[in-house]
Every structure is written in structure tokens, then in C-alpha cells.
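> Counting with my numbering, you get residues 21 to 617 for the letters of the sequence shown.
Glycine included, every Cβ here is placed at the ideal spot set by N, Cα and C.
Take this structure first; my questions come after.
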Amino acid sequence: MKEYFRLLKFVRKDLSLFIFAFICMGFSALFDGAKLTMIIPVSDVILSGKHIVFPEHMPAFIVNFVSKVNSLDPFFLLKIVSVLIIVLFFFRGIFQFLQSFLMSIIGQRAVLRVRGMLYAKFQDLSLDFYSQKRAGELVSRITNDVGLISNALSSGLTDLIYQSMQIIVFSFLAFYIYTKMALVIFVIFPLIVFPVLKIGKRIKKLATRSQESMADLNTILVETIGGVRIVKGFSREEHEIKRFGIINRNYYRYMVKTIKRTLILAPLTEFTGAAAAIAIFLIGGHDVISGKISFGVFGAFLGFLMSLIKPAKSLSKVYSLNQQALAASKRIYNILDREPLVRDKPSAKELAIPQKEITMDNVWFKYSASEDYTLKDINFTAKVGEITAIVGPTGSGKTTLLNLIPRFYDSQKGRVLFDGIDIRDVTIASLRKILGVVTQEVILFNDTVKANIAYGKLAASDKEIEEAARKALAYDFIKQLPKGFDTFIGDRGFRLSGGEKQRISIARAILKNPKILILDEATSQLDSESEQLVQKALDNLMRGKTVLVVAHRLSTIKNANKILVIKEGKIIAEGSHSELLENSDLYRRLYELQFNM
């Protein structure tokens, strides 16, 4: 029950709409009951020409009302009943439309709200979260899981309330006009509820497994579509088809099991209700023949009981639907309840542009508690306006070190200081505002060239964008594209070469014109000719700025003011290019490997 109330939190902002829908459901259920009461005068007075006879003692106002109905001319009563039936159907239709429409709006607003909350949470969470989750799994949360919640909060919640109201109305009327026989409901109810609860628990477990399988399907789709060049380059199409087929069949099996258990509830409840109705028909029929009750009253009573079957069936489906939604809700809340490890302190202040230095003071970092430290006792100072380069073998922790400066991660020990101020004491937004990042992995969006370059400065003019492209030596190839700067580049820049994508990425950083540049092997995707040209552009850009750069090609950082040599997470040497050639065996070996090839 606690989980279900948590699910309903998604609609609490639409409480006024929900109350109005609730009222409409109440009127609709009352009109449903009133329609069936028309059986009594039609069967007894109009068609049979007899009087209405109730088996129980009725209140005086009902006795008087029935006496007046019995005294009416059948032809006149026929006209009155005909008009009443039309009126009842008319108003019942209006209220039914309103309840369904309002609940649909509530469900769609919940979808809008939950998807927005999830996406905002995705943006809020730090990179440690993404290192543990698959992209396809997160896509499944915001599509499949939210869809299940939508069904539960629109049609599911509508049926839960409306069908429950119908059961209350029909049960009340049945008890009111024929109490003795209506007691059979107490026998029917547990026979229906027990199997529904039993099967519902199994459905919830299957729903969890099917949603996990859907996450696996989305993961494969994201991976293989994003990595289609690799799949085709290694001729692994058949392998991926088989891998997808295995997960697809698993999802199919879970869904079939869920559908089977969902569908079995309806005939089970229907059979139980029908069997009870037949028993009542046999006993009540005896009272009709003996004159203890009129045929119309018994017919209405039987109609009330038979009308309980449909809402009972609907509630069994709702229970199944809610179990799936609760499983989805739990998975969604697992994300919404998660707090980012990297976040602003309540007392965080705006960061002033550093005037002196950036320092790492006894920094230790590891990606998870179960792993060894990736960075160990890192200490260095980068002077403002200078170029500080980081070199070392693959896997030594170079990129990890750079990731601590914009607070993509926070260190477990030690501090990162800007002019002596711990960056954890300032707002993340103000920190990243003065930083420009060009990553080793080029990330571009399925948008125009112009939009990708302007990503860091959305208000940039066309002239500024073109100038940034020129400095990055990207202008010429961009103008040759079908629509120039307005050309869509495809998912992750699919239509561009590696060097072209990297130059657009550099143009993006140039346009932002940050005070501090972080370059993570920014020229690694360029051919030798382009590398030299872009390096000149970067040299012009870096003049007067603070630069921290990871470089695989040591030729690009020979003029750095300071070079840090890192091995197995530790800084083992630092100095200028010439100093390190003389004093660092590792740096000398890396340099000789590149220039003696």
C-alpha cells in the first residue's frame, strides 16, 4: 500500500482535476444503478400488468412511491419510463466522458511530469552514476517504465475508483431490495479476491523481469546503432542479430507469462460470479413463483448481481496493471531518490576568476570503494597564464586527473584549489563557466554544425561562429557541406570524419573563450597535416590563458611551461621538456618511442 501511495504522488499536483473526475465517477455510477431500477416498473407494471412486490419491509416513503407507481396507467408509465431512460443514458454518457477525459489528462500530465523529473535527475547526477548504468537502461526508464505508470494513473486509476463505486452502488441496491439473497455476495467476494491477490504477486515479479529485459533491449539498440561502423567493420551483424534475438525472446517469454496470468483473472472472476448468480436464480425463482416477490424486483436484483461481474473483472485487470506499474515506479524512484555525489554545498559561493594558480593538494581518487586508488597523493601547481601538460603511459590516470578540475568527480582525499579556495566551496556552475573542455572522445549532437559550435555560447552571432570555425581550421570543410553551417551532421556527427568532428569540437571551445582550457588529447583524431594547423590555432587560443593539457603526441607540448609525468596514478617527475629529457627515464623513453619510429 505504501508503494501505491508513492505512485499516486505523481498526480498530487492535479488534485483539483482528480476531485472533479471523482465526482463525475460518482454520478456515473449512480446513473448506472438507476438504469437497472427501470427493470422493475417495466417488467411488473408495464409488461405484466401486475403490481410491484418487495420481499422486505421498506421505508414508508418507498412504500408510498411504489403504491403510486402501481396505480398508474401502464401506457402513461411507459412514456414516463422511456423519457427517464433517455435522460439517464444522456447524463450518464456526459459524466462518463468527463471522468475518462479528466483522468486521461491526469495520466498524461503525470507522464509529462515524471519524464521531466527523470531527465532533470539525469542531468543532475554526477558521472559516477553513468559509469555504473547502461544508456539503454536509462532510456528504458524514461520510455517503457513511464508508459506503464501512465496506464496505471489514467485508465487504471479510473477503473479502480469507478468500478469500485459501481460495486458499492450495485451491492447497496441488491441488499436494499432483497437482503436475504444479497448475503451471497459475502461468499462470492473472497472467492474472487484470493486468486486475484495470489496471481497479482506473481505478475509483479514478472513485470520487474520484463522491464529489466526491455532495458537490455534498449541497451543493445543504443550500443549497436551508435557503434554501427564497428559492427559492420568486423562483420558482426549476425552475431548482434543473435544477441538481440536472445534478449528479445526473454522479453517475449516474460510478457507471455504476464499476459497469461492477467487474462486468466477475468474468466475466473466471471465464472465465479455466474455460478453464484445461477444459485441465486434457482432460489429467488422459487420466491417469484410463490408470490413472495414480483418478477420485476427479482429481475432488478439479479441485474444488480450480474452487473457486479463486469467491475469485478475490471478490478482484477486493474490489480494486474497496478502490479506492473508498482514495479516500474520502484525502478523510477531508484533514480529519483539517488543523490549526486558531486553537488553544491548550501554555503557555496560564486568562484572568482583565479589570478595566481591552480593547485592539487595531496589528492587521492578512486572510482568506487572496492577499487584501488587511480590517483595517489597528487601534488602540483599550475600557474595562471601558463601551459601545464600531463603525459604518461595509457591507463596511468591522466584523464582522471583532468576530470577532477571541473568536478566531474570529487576526490576522496585532498583538495583542488583555485587561488587557495577549495573548488568544493564554490558553485559548480560558476566553476564550469570559466572552463573550456575539449575531450578525447568527441561528443557532437544530432543538430546543425552551427548549433554544435554554439553549444557553449547559445547567443553567439553567425559571425562569431564562423570566426571560431576559421580558428579551428574547420571553416573550409564546413562550407563544402550541403547546407554549410546549417547542415545536420547526424547522430554523434555520423556524417563527418574523425578529424572534422574534432575540429568542430575545438571550434566549440574557441567560441566559448574560457579563461581556463582543459584539453584531453584534443588533436588525437587529426592527421599530421591537420594536427600542425590546428596546433597553431590552439597556440593562438591558449596565449594568455591557463591551460591543462593531456597529450599523447609529445611534439605538441614541447613548449609547455611545465610537464607532469604520471605513472600508475603518481606524479614521478615534473619540469620542462628539456629538463625531463635529461632527468626522467619514462619521459625520455616515451619521447624516443615516438620520434624513433
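Let me know if Pro79 comes out buried or exposed under the rule of 16 or more other beta-carbons within 10 Å of its beta-carbon.
Classification of Pro79: exposed, given that the 10 Å Cβ count is below 16.
> How would you label Pro534, buried or exposed, when you count the other beta carbons within 10 angstroms and need 16 or more for buried?
Counting Cβ neighbours within 10 Å, Pro534 comes out buried, since at least 16 surround it.
> I need the straight-line Cα distance from Asp364 to Ile329, nearest angstrom please.
Rounded to the nearest angstrom, the two C-alpha atoms are 57 Å apart.
> With the cut-off set at 8 Å, would you say Val65 and Ile72 are in Cβ contact?
It is a contact, given that the beta carbons lie within the stated cut-off.
> At what residues does the beta strand (DSSP E) containing Arg452 begin and finish?
Where Arg452 is concerned, there is no enclosing beta strand (DSSP E), although the alpha helix (DSSP H) it sits in stretches over Ile448 to Lys453.
> For Arg256 and Phe264, what's the separation of their Cα atoms in angstroms?
Whole-angstrom Cα-Cα distance: 12 Å.
> With a threshold of 6 Å on Cβ separation, who are the neighbours of Lys350 within its own chain once the five nearest residues in sequence on each side are excluded?
Nothing listed; no residue qualifies.
> Compare the beta carbon distance of Glu541 and Val570 with 8 Å and say whether it is the shorter of the two.
Result yes, Cβ atoms of Glu541 and Val570 sit closer than 8 Å.
> Give every residue of the same chain whose Cβ lies closer than 7 Å to the Cβ of Gly46, excluding the five residues on either side of it in the sequence, and list them in chain order.
Here the set comprises Met185.
> Where does the unbroken alpha helix (DSSP H) through Leu118 begin, and where does it stop?
Pro94 to Asp144 is the extent of the alpha helix (DSSP H) around Leu118.
> Between the alpha carbons of Ser68 and Val89, how many angstroms are there, rounded?
The alpha-carbon atoms of Ser68 and Val89 are separated by roughly 14 Å.
> Does the distance between the C-beta of Lys470 and the nearest non-hydrogen atom of the ligand MN fall short of 7 Å?
The ligand MN is not among the ligands present in this structure, which contains no ligands whatsoever.
> Have a look at Ser48 and Phe109 and give me their C-alpha separation to the nearest angstrom.
Approximately 10 Å, taken between the alpha carbons.
> Would you call Gln375 buried or exposed, if buried means 16 or more other Cβ atoms sit within 10 Å of its Cβ?
So Gln375 ends up on the exposed side.
> Confirm, please, whether the CB-CB distance from Gly156 to Val242 is below 8 Å.
Closer than 8 Å, so yes.
> Can you check DSSP and say which residues form a bridge with Val383?
The partner list for Val383 (beta bridge, DSSP) reads Ile398.
> Give the straight-line distance between the Cα atoms of Ser395 and Leu606, rounded to the nearest whole angstrom.
For the record, residue 395 in the displayed sequence is Leu; it is not Ser. If you take the alpha carbons of Leu395 and Leu606, they lie about 18 Å apart.
> So the alpha helix (DSSP H) Leu158 belongs to, where does it begin and stop?
Counting along the chain, the alpha helix (DSSP H) containing Leu158 begins and ends at Ala155 to Ser160.
> Looking at the strands, I want to know which residues DSSP matches up with Phe438.
DSSP, once it has assigned bridges, lists Ile378 and Ile441 as partnering Phe438.
> Round the Cβ separation of Ile583 and Val436 to the nearest angstrom and send it over; I've been treating them as touching at under 8 Å.
The pair is not a contact, with the Cβ atoms about 19 Å apart (cut-off 8 Å).
> Could you tell me the alpha carbon to alpha carbon distance between Met617 and Tyr611, rounded to whole angstroms?
Per-residue confidence for Met617 stands at a pLDDT of 48, beneath the threshold of 50, marking its modelled position as unreliable; no derived number is given.
> For the pair the segment 407–423 and the segment 342–357, tell me if three or more CB-CB distances fall below 8 Å.
No: the two stretches stay apart, fewer than three of their Cβ pairs being nearer than 8 Å.
> Comparing C-alpha positions only, which one of Asp442, Ile188 and Glu370 sits nearest to Thr379?
If we check each option's Cα against that of Thr379, Asp442 comes out closest.
> For Glu594, name the three-state secondary structure that DSSP assigns.
Of the three classes helix, strand and coil, the one that applies to Glu594 here is strand, per DSSP.
> Taking buried to mean at least 16 other C-beta atoms within 10 Å of its own C-beta, is Tyr139 buried or exposed?
Looking at its Cβ environment, which holds fewer than 16 other Cβ atoms inside 10 Å, Tyr139 is exposed.
> Could you tell me the distance, in whole angstroms, from the CA atom of Ala347 to the CA atom of Asn164?
Rounded to the nearest angstrom, the two C-alpha atoms are 12 Å apart.
> For a minimum of 4 consecutive residues, which ranges assigned as the alpha helix (DSSP H) are wholly contained in the segment 257–317?
With a minimum length of 4 residues, the continuous alpha helix (DSSP H) runs that stay inside the segment 257–317 are 257–309.
> Hey, out of Leu285, Ala202, Val383 and Ser388, whose CA is closest to Ala297's CA?
Measuring from the Cα of Ala297, the nearest candidate turns out to be Ala202.
> When you compare each of Leu325, Gln128 and Ile284 to Gly304 by their alpha carbons, which one comes out closest?
Of the candidates Leu325, Gln128 and Ile284, the one whose C-alpha sits nearest the C-alpha of Gly304 is Leu325.
> Let me know the secondary structure DSSP gives Leu539 once reduced to three states.
Strand, per DSSP.
> Please state whether the Cβ-Cβ distance between Leu421 and Ile223 is less than 8 Å.
No; because the gap between Cβ atoms is not below 8 Å, this pair is not in contact.
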